[in-house]
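Every letter in the sequence shown is one number past the one before it in my numbering, and letter 36, counting from 1, is 31.
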Amino acid sequence: MADRITSGFSPYTPARDVVAGHDLTGKVAIVTGAATGIGVETARALAEAGAEVVIAVRKPDLAEAAVAEVNKTAKGAKASWSMLDLSSFKSIRAFAERWGDKPLNILINNAGVMASPLTYTEDGLEMQVGTNHFGHFLLSVLLAPNLIAGAKQSGKSSRLVSLSSIGHRRAGFNFDDPHYKTRAYDKWESYGHAKTANALFAVGFNKRFRDQGVFANAVMPGGIMTPLQRHLPIEEQIALGWIDEHGKVRDGFKTTEEGASTSVWAAVGDELEGIGGLYLEDLAQAEPWTKEKPWAGVLPHALDPEAADRLWALSVEATGAGA
């Protein structure tokens, strides 16, 4: 990959160092799921650079605490929050209606569910793919006109950031039974196909909106201990090798601020101006996955343009938006 795009930062660079030197005054950003984990640090870094940041979450108490934390160091516009439940099409549409025609420069689809028991959204979708992909699909398509308006207003591209994961290696997208209606449920397979969907969505969204000044990339943030692990017992985390028997996190995991850095780079990096459809990790364009480095890289099925088009058509049918 001689033409591989890199940021010049090391993989463990804190998010605030990535955004340093960028003036985001007048820019507007939405970060989903930013009440905890790397979402808070993503919102904080953007706010410290002057952006108006809206935290889109479903728990008011956590949202209020996150906004207060971010606003301690925000420059210029203050952060705020708005109700968004990505497992509810009704909630997503209400969020977009409240947003109205306000221009938007950055949309970071950060929220996620991992390895949850088999449950369904109120719209009948399996919870992991329903929240991680279909919810974000509907939100992003509804806000696409706002992102286009943001690009026209600023004279620079608007950015959509879709958080994927190395978990995509576990499964390609299952078009035959995406919601486990006829096959046995496997929580890790489900997570893998949802994270593949997040990467394919960036490919599909970028194809459809790049000519209107909006570019989308997928991001693998790295291994980070956050509330994303809420469904995993300690014993399973030990078995996976994430922590030892004393609760110590294994080497290689990032802090939440380091975990937010690739999302922030995808949102502001000059190297990515006018570029989309990529899978980014460790503050660089990912290299192809290999057996020798199983915890890094991207597999072809996550960037397949034909699969991205097929997923887009399925998502339009499921959500009623984006035709």
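Just so it is clear, CB atoms sit at the ideal spot from N, CA and C, and this is done for glycine as well.
Reduced DSSP secondary structure (H/G/I, E/B, other) of residue i
i	result
L309	helix
A316	coil
I143	helix
K319	Because the chain in this structure spans residues -4 to 318, residue 319 falls outside the shown range and cannot be described.
M122	helix
I33	helix
Q224	Confidence at Q224 is low in this model, with a pLDDT of 45, below 50, so the placement of that residue should be treated as unreliable; the coordinate-derived value is given next. Three-state result, Q224: helix.
I161	helix
S111	coil
K249	strand
W94	helix
T177	coil
S82	coil
T191	helix
K286	coil
P9	coil
D304	helix
A128	Checking the displayed sequence, the identity of residue 128 turns out to be His instead of Ala. Note: H128 maps to helix in three-state DSSP.
N66	helix
Cβ separation of residue i and residue j, assumed to be a contact under 8 Å, to the nearest whole Å
i	j	result
V259	T37	6 Å
S160	A10	With a Cβ gap of about 18 Å, S160 and A10 do not count as contacting.
T27	N141	The pair is not a contact, with the Cβ atoms about 15 Å apart (cut-off 8 Å).
I25	L120	Rounded, the Cβ-Cβ distance is 22 Å, inconsistent with contact.
G271	R205	6 Å
S157	A69	No, S157 and A69 are not in contact; Cβ-Cβ is about 25 Å, not under 8 Å.
K147	G199	That pair is no contact at about 22 Å.
I50	T251	Wrong, their Cβ atoms sit about 15 Å apart, outside the cutoff.
Assigned exposure category for residue i - 16 Cβ within 10 Å defines buried
i	result
Y186	buried
R(-1)	exposed
L306	buried
E253	buried
E59	exposed
A297	buried
E276	buried
S75	exposed
G3	exposed
A44	buried
E268	exposed
F170	exposed
G16	exposed
P216	buried
Y274	buried
P55	exposed
R93	exposed
Beta bridge counterpart(s) of residue i as assigned by DSSP
i	result
L275	V214, Q280
E59	Per DSSP, none; premise fails for E59.
I0	None; I0 has no bridge partner.
L102	I25, L155
S260	Strictly speaking, residue 260 in this sequence is Trp, with Ser absent from that position. Bridge partners of W260: none, in fact.
V48	A24
S75	V49
V198	In the DSSP output, where bridge partners are listed per residue, V198 has none listed.
V209	S153
V293	P283
(Q) I want to know whether the segment 58 to 66 touches the segment 97 to 106 - three or more CB-CB distances under 8 Å. (A) Touching, no, given that fewer than three Cβ pairs across the two stretches are closer than 8 Å.
**Q.** Segment contact, 8 Å Cβ cut-off, at least three pairs: the segment 289 to 303 with the segment 181 to 196
**A.** Yes, the segment 289 to 303 touches the segment 181 to 196.
Q: Say whether the segment 173 to 187 touches the segment 278 to 291, bearing in mind that this needs 3 or more beta-carbon pairs closer than 8 Å, one atom from each stretch.
A: With a cut-off of 8 Å, the segment 278 to 291 and the segment 173 to 187 do not count as touching, because too few Cβ pairs lie within range.
Q: Specify whether the segment 71 to 82 and the segment 127 to 136 touch according to this definition: at least 3 beta carbon pairs, one from each stretch, less than 8 Å apart.
A: Yes, the segment 71 to 82 is in contact with the segment 127 to 136.
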